């Protein structure tokens, strides 16, 4: 097992982070379209997408069975499965892997729930360090307007209702998003997250993201890297 | 029930949040050892004996959590989870059982008998390539038991036991996911040999009480009874 910072692959791992409603998924999707048009092999990896672990996570959430510790562990199980299955193999093949949320989401959420910062960082030592990690910074009232305006129902854990701060789910969501935002802000320096001002136009943000990613592409192959070894 | 000396639990690492260790009254006893060594037979006998002496007993074991037990079994059915994900799935299962079963039982003064604990999980992960320090730090969430009885026997002793069960050489107990041999027998021998080596290397660090499991069921039981009796008297 290689630990954070030790992996070396021909491919690149680009990840986006930010609170709900920061517009990060839109930006990642636009980035992917551009990279494909440029001829690169692109692979998308979504948060919470491991089918095997998903059933357990969903049941735990639906029945409110998760404590801060088991919430943290089940999400680490999911990300480990994604990394072993969907991130490392494409990186070895020379793909640009685009991940919507990564370990920093876990750090922000779990620490907001009261898990020790050191513990959750140790837990995710198996993770591949991203080539570039973008953090879409947005004022809370802007993101809340986007989310609460567009969506019918907030979910229990998503709103941080398990923290029992208030009975009002919308108020709990506001408070919880604020706590997560604070954790992200603390991580900017610790992990060298690249801050993108998410109040600017979509086009301006995308141009900035592309110009930063472009600098990493010099040695990225446009075809699969297959080392068949000695004859 | 006899009155017990003052007792204090500890976690291996940072532990679980929101637990007052001073409240835990019971005793946590671990039975570890390889597949087919007779752990569940011993646990069944010990439970009856302890209960007939007036102790309340909770018995538990791997993958029995309400949260993650089913998911792990399904994942193992399909043989599709990677080694790190599987290790963390087991950690989720253990944390769920600690928080919802074992700690509440200890708080109520039960004797908790667990069929395997973090040591099997650490050994399985290490044999599958996990970094030892990493997987040990993950289990910093676990309570230190009052006693760990490690039922130990060499691989030659395990084979006749496996052959006595109708299932024979099980996929996971033979470490088939590691591709160690041409068939389940070869793989079983290699896998169990590696597991034994990791277990032996942990014996001192974690303070295992090694129980010679090449003896008869009855002799092993007498030995365990004697040691647990002594533990409960606080000697």
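Residue numbers (this note's numbering), protein chains in the order written: chain W, 1 to 231; chain U, 1001 to 1235.
Yeah, the Cβ is synthetic: ideal placement off N, Cα and C, and Gly gets one too.
Note that this is a predicted model, so its numbers are computed, not measured.
Please confirm whether residue i and residue j have their CB atoms less than 8 angstroms apart.
| i | j | result |
| --- | --- | --- |
| residue 1068/U | residue 67/W | no |
| residue 220/W | residue 83/W | no |
| residue 1109/U | residue 1056/U | yes |
| residue 180/W | residue 23/W | no |
| residue 1049/U | residue 1192/U | no |
| residue 139/W | residue 102/W | no |
| residue 1107/U | residue 1232/U | no |
| residue 1041/U | residue 1114/U | no |
| residue 12/W | residue 208/W | no |
| residue 1181/U | residue 1190/U | yes |
| residue 1096/U | residue 1066/U | yes |
| residue 76/W | residue 106/W | yes |
| residue 1219/U | residue 1034/U | no |
| residue 1075/U | residue 1086/U | yes |
| residue 1140/U | residue 1011/U | yes |
| residue 1209/U | residue 1227/U | yes |
In the DSSP assignment, what residue or residues form a beta bridge with residue i?
| i | result |
| --- | --- |
| residue 104/W | Partner(s): none; residue 104/W has no beta bridge. |
| residue 29/W | Paired residues: none, contrary to the question. |
| residue 1209/U | 1149/U |
| residue 1112/U | 1028/U, 1058/U |
| residue 194/W | 134/W |
| residue 99/W | 15/W, 45/W |
| residue 71/W | None, per the DSSP bridge assignment. |
| residue 1011/U | 1143/U |
Between the alpha carbons of residue i and residue j, how many angstroms are there, rounded?
| i | j | result |
| --- | --- | --- |
| residue 231/W | residue 224/W | Low local confidence applies: a pLDDT of 48 at residue 231/W is under 50, so the model's placement there is unreliable, with the coordinate-based value given in what follows. Those two C-alpha atoms are separated by around 19 angstroms. |
| residue 1009/U | residue 1099/U | 14 angstroms |
| residue 183/W | residue 121/W | 13 angstroms |
| residue 1179/U | residue 1162/U | 20 angstroms |
| residue 59/W | residue 50/W | 14 angstroms |
| residue 1102/U | residue 1094/U | 10 angstroms |
| residue 1053/U | residue 185/W | 58 angstroms |
| residue 188/W | residue 108/W | 11 angstroms |
| residue 1112/U | residue 1046/U | 11 angstroms |
| residue 156/W | residue 172/W | 9 angstroms |
| residue 1063/U | residue 1072/U | 7 angstroms |
| residue 1129/U | residue 1199/U | 15 angstroms |
| residue 1155/U | residue 1169/U | 13 angstroms |
| residue 213/W | residue 145/W | 30 angstroms |
| residue 20/W | residue 198/W | 12 angstroms |
| residue 1029/U | residue 93/W | 48 angstroms |
| residue 1104/U | residue 1016/U | 13 angstroms |
| residue 1205/U | residue 1136/U | 11 angstroms |
| residue 1082/U | residue 89/W | 12 angstroms |
| residue 1142/U | residue 226/W | 43 angstroms |
| residue 111/W | residue 117/W | 6 angstroms |
| residue 104/W | residue 16/W | 9 angstroms |
| residue 1051/U | residue 1058/U | 10 angstroms |
| residue 192/W | residue 9/W | 20 angstroms |
| residue 1036/U | residue 1158/U | 6 angstroms |
| residue 147/W | residue 137/W | 15 angstroms |
| residue 1018/U | residue 119/W | 15 angstroms |
| residue 1230/U | residue 113/W | 42 angstroms |
| residue 169/W | residue 1044/U | 47 angstroms |
| residue 1127/U | residue 124/W | 19 angstroms |
| residue 115/W | residue 1150/U | 32 angstroms |
| residue 1027/U | residue 196/W | 53 angstroms |
| residue 39/W | residue 222/W | 6 angstroms |
Quick one: measure Cβ to Cβ for residue i and residue j, integer angstroms, because I've assumed they're closer than 8 angstroms.
| i | j | result |
| --- | --- | --- |
| residue 1032/U | residue 1148/U | 6 angstroms |
| residue 206/W | residue 30/W | 5 angstroms |
| residue 126/W | residue 194/W | Actually they do not touch by this definition, with Cβ atoms about 23 angstroms apart. |
| residue 1131/U | residue 3/W | 6 angstroms |
| residue 1152/U | residue 1212/U | 7 angstroms |
| residue 44/W | residue 91/W | Incorrect: roughly 13 angstroms between the Cβ atoms, too far for contact. |
| residue 1092/U | residue 73/W | 4 angstroms |
Which of helix, strand or coil does DSSP assign to residue i?
| i | result |
| --- | --- |
| residue 1100/U | helix |
| residue 135/W | strand |
| residue 1128/U | coil |
| residue 153/W | coil |
| residue 45/W | strand |
| residue 1089/U | helix |
| residue 1016/U | coil |
| residue 53/W | helix |
| residue 1180/U | coil |
| residue 171/W | helix |
| residue 1193/U | helix |
| residue 1069/U | helix |
| residue 77/W | helix |
| residue 1133/U | helix |
| residue 1042/U | helix |
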